[in-house]
Amino acid sequence: MTEKANRVGEFLRARRDLVTPEQAGLPARGPRRVPGLRREEVAMLAGISADYYLRLEQGRDTSPSLSVLESLAGVLQLDDDATAYLLSLGEPRPRRRRRAPRGESVPAGVAMLVATLPLPAFVEGRYFDVLAANPLATALSPRLAVGRNRLRDVFLDPAEKDLYPDWESATERLVAGFRQSVGTETDDQRFIDLVGELSLASPRFRTLWARHDVREREGAEMRLEHPQLGELRLHREKFAVSGPSGQMLVIYHSSPEGPDAEKLQLLDSLTAPSLPTPRGLKVAPPDSHA
Numbered sequence: 144m145t146e147k148a149n150r151v152g153e154f155l156r157a158r159r160d161l162v163t164p165e166q167a168g169l170p171a172r173g174p175r176r177v178p179g180l181r182r183e184e185v186a187m188l189a190g191i192s193a194d195y196y197l198r199l200e201q202g203r204d205t206s207p208s209l210s211v212l213e214s215l216a217g218v219l220q221l222d223d224d225a226t227a228y229l230l231s232l233g234e235p236r237p238r239r240r241r242r243a244p245r246g247e248s249v250p251a252g253v254a255m256l257v258a259t260l261p262l263p264a265f266v267e268g269r270y271f272d273v274l275a276a277n278p279l280a281t282a283l284s285p286r287l288a289v290g291r292n293r294l295r296d297v298f299l300d301p302a303e304k305d306l307y308p309d310w311e312s313a314t315e316r317l318v319a320g321f322r323q324s325v326g327t328e329t330d331d332q333r334f335i336d337l338v339g340e341l342s343l344a345s346p347r348f349r350t351l352w353a354r355h356d357v358r359e360r361e362g363a364e365m366r367l368e369h370p371q372l373g374e375l376r377l378h379r380e381k382f383a384v385s386g387p388s389g390q391m392l393v394i395y396h397s398s399p400e401g402p403d404a405e406k407l408q409l410l411d412s413l414t415a416p417s418l419p420t421p422r423g424l425k426v427a428p429p430d431s432h433a
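Residue numbers (this note's numbering): 144 to 433.
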């Protein structure tokens, strides 16, 4: 059984569990032992035999055609990101030896840009390691520092979890983006160790990882609960770094006017406590959200 076939089968099994008969336009008749579609239902809707679909899930057929995968993507109601991911799993790949962990380095020009930006900014690596960060980013969250890992912190660090009032949806986006970032390159020891560690330590990560959600790493509106500044509503932008595969430049910004803009300006004072607080801005004491 090849790695490719295992990945395709795992993905198909996970995704059919998330589609109900009603969503697929099928009548729900009697009790069901599975939460989503049965194998034979997927096969019927995709126009393939139940035996062939079973072979796909079990990894006994290693060469599904593009048309079959596209049909299955439609039945499983995959969006564009998840469809592209499924198609990539079906592409022929030569077997390779498991690779040792690879270090990542930020291009000098990008590191200089991060250091000089007047907004919280950091560089996120392929495995969501923080590879560069400016003081404003670290003031936004002490975990936004070189050497930290976003997955570990968001799932395992209580202080980082408290930063996200919408932690449930934030973790969904994070895991889906991580799967898209890694893609089919799952033979790297760094990936294996990280997923293994998080799966053992975090039931939430384990549940989300089993769903096989896939989403592009892209910008979003964020709501943060900062321990000193209170609620922040920010825009988070992500830009692909040219050169190194998988690196993203992440920048937080706000509307040019209003309390969020004032609070971003105040971030400087968190690294220089002697600076006065701007008039009219109320700042919660450091332990008010502990």
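Beta carbons: idealized from backbone N, C-alpha and C, even for Gly.
Three or more pairs of CB atoms, one per stretch, sit closer than 8 Å, so the region 349-369 contacts the region 217-227. Residue environment for Q323: buried (at least 16 other C-beta atoms within 10 angstroms of its C-beta). Secondary structure at N149: helix, using DSSP grouped into helix, strand and coil.
Its chain contains V384 as the residues whose beta carbon lies nearer than 6 Å to that of V253, once the 5 sequence neighbours on both sides are disregarded; these appear in chain order. In the structure shown, Y395 falls within a strand segment according to DSSP collapsed to helix, strand and coil.
Exposed is the label assigned to D309, since fewer than 16 other Cβ atoms lie within 10 Å of its Cβ. Cβ neighbours of V162 within its own chain (closer than 7 Å, five residues either side excluded): G179, L180, L219 and Q220. Between V273 and V257, the gap from beta carbon to beta carbon reaches 7 Å or more. In the structure shown, the three-state DSSP call for G233 is coil. Its Cα nearest to that of A189, the residue A216 stands out among G320, L351, L283 and A216.
Per DSSP, the continuous beta strand (DSSP E) segment holding L367 begins and ends at A363 to H369.
Of the residues R156, L229, L299 and S231, the one whose Cα lies closest to the Cα of Q201 is R156. Residue burial annotation: E303 is buried, with at least 16 other C-beta atoms found within 10 angstroms of its C-beta. The way I'd put it, the region 283-302 does touch the region 326-344; three or more beta-carbon pairs between them come closer than 8 Å. Bridge pairing for K406: absent [DSSP]. Annotated as proximal: L377 and Y395, with beta-carbon spacing under 7 Å. Taking L375 as the centre and dropping the five residues before and after it, the same chain places the C-beta of L367, H369, D403 and K406 closer than 7 Å to its C-beta, in chain order. For L274, there is no enclosing alpha helix (DSSP H); the residue is part of the beta strand (DSSP E) that begins and ends at V273 to A276. DSSP, reduced to helix, strand and coil, places L351 within a helical segment of the structure shown.
In summary, A264 is buried, with 16 or more beta-carbon neighbours lying within 10 Å of its beta-carbon over all protein chains present. The Cβ-Cβ distance between M391 and E267 falls below 7 Å.
Per the DSSP secondary-structure output, L377 pairs in a beta bridge with M365.
Counting the other CB atoms within 10 Å of its CB gives T259 a total below 16, which places it among the exposed residues. Pairing G389 with E184, the inter-Cα distance amounts to about 37 Å. With 16 or more other Cβ atoms from the protein chains shown falling within 10 Å of its own Cβ, V151 counts as buried. Annotation: R291 to P207 spans about 40 Å, alpha carbon to alpha carbon.
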